[in-house]
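Here is the structure we will look at.
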Amino acid sequence: MYVSYIYNDAVWVAQLSSNAKSEVKSQQVYSPPSNIVYLEGSRFYKRNGTYYILLTHPANEEWVIKSNSPFGSYSMEALVQSVAPLFLGGLVDTPNSQWYYMAFIDAYPGGAFQFLLQFPGALMASLLSLSPVASGAPHTPTPPPRIP
């Protein structure tokens, strides 16, 4: 079992023991580019042998890093940008292979509202085929296509 977390502005992965009561190994796996000053709320996914970590850049962006191994090398791409003020979203796929992004929109001082956004198939195919960077060095992220 693996968990991801943010420490000193970097993304870390920890491997837990089989009973999840102790840490076996912990390693920094990614340092974001300098134009992304702060990240929070890492969420770790594994799908078809590939590892994904979703990251929130407050208050209106979600990024994803992807690797073939839990300990790297990771590449980064924008998942959602300029949807303000959103935070802590996650990916959901249905039995029919439809993909959705579920997150919260801050409605301060009234709390937060959930929203569900269906991703176009081309965007999810692009995300799922994102290639890890061989050197482990971050690259300049490119924005995703606009979602209608």
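Be aware that the sequence shown starts at 0, since it is given in numbering that gives the first Met the number 0, and climbs by one per residue. For each residue, glycine too, the CB sits at the ideal point set by N, CA and C. Fair warning: this is a prediction, and the values are worked out from it, not measured in the lab.
Contacts around residue i, its chain only, beta-carbon distance under 6 Å, and the 5 residues preceding and following it disregarded
{"i": "G40", "result": "T55 and L87"}
{"i": "Q117", "result": "Y99"}
{"i": "R42", "result": "L53 and G89"}
{"i": "K24", "result": "Q14"}
Among the options, nearest to residue i - alpha-carbon criterion
{"i": "Q27", "options": "S17, K20 and W11", "result": "W11"}
{"i": "A100", "options": "L53, F70 and P57", "result": "Residue identity check: residue 100 is Tyr in the sequence provided, not Ala. When each option's Cα is compared against that of Y100, the closest is L53."}
{"i": "P32", "options": "N47, Q14, V23 and A77", "result": "A77"}
{"i": "N47", "options": "L15, K65, S25 and K20", "result": "K65"}
{"i": "Y44", "options": "F112, N67, Y107 and I104", "result": "N67"}
{"i": "M75", "options": "D105, S30 and T93", "result": "S30"}
{"i": "G71", "options": "A13, I104, Y6 and N7", "result": "A13"}
{"i": "V79", "options": "S96, F103, P94 and T93", "result": "F103"}
{"i": "V91", "options": "L115, N7, G109 and E22", "result": "L115"}
{"i": "M0", "options": "S21, N34, A9 and N7", "result": "S21"}
Assigned exposure category for residue i - 16 Cβ within 10 Å defines buried
{"i": "G89", "result": "exposed"}
{"i": "Y107", "result": "exposed"}
{"i": "E149", "result": "Given that the chain is displayed from residue 0 to residue 147, the structure contains no residue 149 and the question cannot be resolved."}
{"i": "S16", "result": "exposed"}
{"i": "Y73", "result": "buried"}
{"i": "S96", "result": "exposed"}
Where the beta strand (DSSP E) containing residue i begins and where it ends
{"i": "Q27", "result": "E22 to Y29"}
{"i": "G40", "result": "E39 to R46"}
{"i": "Q97", "result": "Where Q97 is concerned, there is no enclosing beta strand (DSSP E), given that its DSSP letter is neither H nor E."}
{"i": "V63", "result": "E60 to S66"}
{"i": "V2", "result": "Y1 to Y6"}
{"i": "I52", "result": "T49 to H56"}
{"i": "S74", "result": "S74 to Q80"}
Residue j beta carbon less than 8 Å from that of residue i
{"i": "Y51", "j": "V63", "result": "yes"}
{"i": "P69", "j": "Y37", "result": "no"}
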